[in-house]
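Here's the structure we're looking at; comments come further down.
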Amino acid sequence: MIQWRKSSRSQGAGECVEVSVNARQATLIRDSKDPSGPHLAFRHDDIAGLFARIKDGTLDL
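Okay, so the sequence shown: first residue is 1 according to full-length UniProt numbering, each after it adds one.
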(Lines of atoms letter the chains of each structure in order from A; the text may use other names.)
(Lines give C-alpha, C1' and ligand atoms only; values in the text may rest on other atoms or scores of the structure.)
Protein backbone atom coordinates (compact mmCIF):
# COMPACT_ATOMS: atom_id res chain seq x y z
CA MET A 1 0.00 0.00 0.00
CA ILE A 2 1.27 3.46 -0.89
CA GLN A 3 1.54 5.93 1.98
CA TRP A 4 0.69 9.42 0.70
CA ARG A 5 1.41 12.63 2.59
CA LYS A 6 0.28 16.20 2.12
CA SER A 7 2.20 19.33 3.03
CA SER A 8 1.51 20.72 6.49
CA ARG A 9 1.21 24.09 4.73
CA SER A 10 -1.80 22.99 2.68
CA GLN A 11 -4.71 25.40 2.90
CA GLY A 12 -7.38 22.73 3.18
CA ALA A 13 -9.20 23.79 0.01
CA GLY A 14 -8.08 20.61 -1.71
CA GLU A 15 -5.74 22.40 -4.07
CA CYS A 16 -2.51 20.63 -3.33
CA VAL A 17 -0.43 17.65 -4.27
CA GLU A 18 0.38 14.57 -2.27
CA VAL A 19 3.77 12.88 -2.29
CA SER A 20 4.93 9.34 -1.61
CA VAL A 21 8.46 7.99 -1.55
CA ASN A 22 8.86 4.28 -2.14
CA ALA A 23 11.68 1.77 -1.80
CA ARG A 24 12.01 1.40 -5.57
CA GLN A 25 13.84 4.73 -5.70
CA ALA A 26 10.79 6.63 -6.93
CA THR A 27 8.98 9.72 -5.75
CA LEU A 28 5.27 9.66 -6.61
CA ILE A 29 3.12 12.79 -6.94
CA ARG A 30 -0.66 13.01 -7.33
CA ASP A 31 -3.48 15.54 -7.18
CA SER A 32 -5.15 15.46 -3.77
CA LYS A 33 -8.54 16.21 -5.39
CA ASP A 34 -8.37 12.94 -7.33
CA PRO A 35 -6.75 10.33 -5.04
CA SER A 36 -7.85 7.41 -7.22
CA GLY A 37 -6.59 9.11 -10.38
CA PRO A 38 -3.18 8.85 -12.01
CA HIS A 39 0.10 9.82 -10.42
CA LEU A 40 3.50 10.89 -11.72
CA ALA A 41 6.62 8.88 -10.87
CA PHE A 42 10.11 10.39 -10.77
CA ARG A 43 13.49 8.94 -9.86
CA HIS A 44 14.69 10.45 -6.57
CA ASP A 45 17.68 12.20 -8.15
CA ASP A 46 15.54 13.68 -10.94
CA ILE A 47 12.95 15.17 -8.59
CA ALA A 48 15.70 16.48 -6.27
CA GLY A 49 17.28 18.21 -9.27
CA LEU A 50 13.94 19.71 -10.29
CA PHE A 51 13.29 21.08 -6.79
CA ALA A 52 16.84 22.49 -6.60
CA ARG A 53 16.33 24.33 -9.91
CA ILE A 54 13.01 25.74 -8.72
CA LYS A 55 14.53 26.92 -5.42
CA ASP A 56 17.56 28.58 -7.00
CA GLY A 57 15.43 30.40 -9.58
CA THR A 58 16.69 28.54 -12.64
CA LEU A 59 13.08 27.64 -13.42
CA ASP A 60 10.63 30.50 -13.17
CA LEU A 61 7.36 28.84 -12.28
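Here a beta-carbon is modelled for each residue, glycine too, at the ideal position from N, C-alpha and C. It should be emphasised that the depicted structure is a prediction, and the values quoted were computed from it without experimental measurement.
- Extent of the continuous beta strand (DSSP E) run through residue 26: For this step, residue 26 is matched to residue 26 along the sequence shown. Here the beta strand (DSSP E) through residue 26 covers 26 to 31.
- What's the C-alpha gap between residue 40 and residue 28? Within the sequence shown, the letter at position 40 stands for residue 40. Within the sequence shown, the letter at position 28 stands for residue 28. About 6 Å.
- Item | Span of the beta strand (DSSP E), counted from its first residue to its last, around residue 40 | The residue you call residue 40 lines up with position 40 of the sequence shown. Segment 39 to 43, the beta strand (DSSP E) holding residue 40.
- Quick one: what's got a C-beta closer than 8 Å to residue 35's C-beta in the same chain, skipping five residues either side? The count along the sequence shown starts at 1 and reaches residue 35 at position 35. Residues of the same chain with a CB within less than 8 Å of the CB of residue 35, apart from the 5 flanking positions on each side, are 4 and 18 in chain order.
- Message: Please report the distance separating the alpha-carbon of residue 38 from that of residue 44.
- Response: Within the sequence shown, the letter at position 38 stands for residue 38. Within the sequence shown, the letter at position 44 stands for residue 44. Approximately 19 Å, taken between the alpha carbons.
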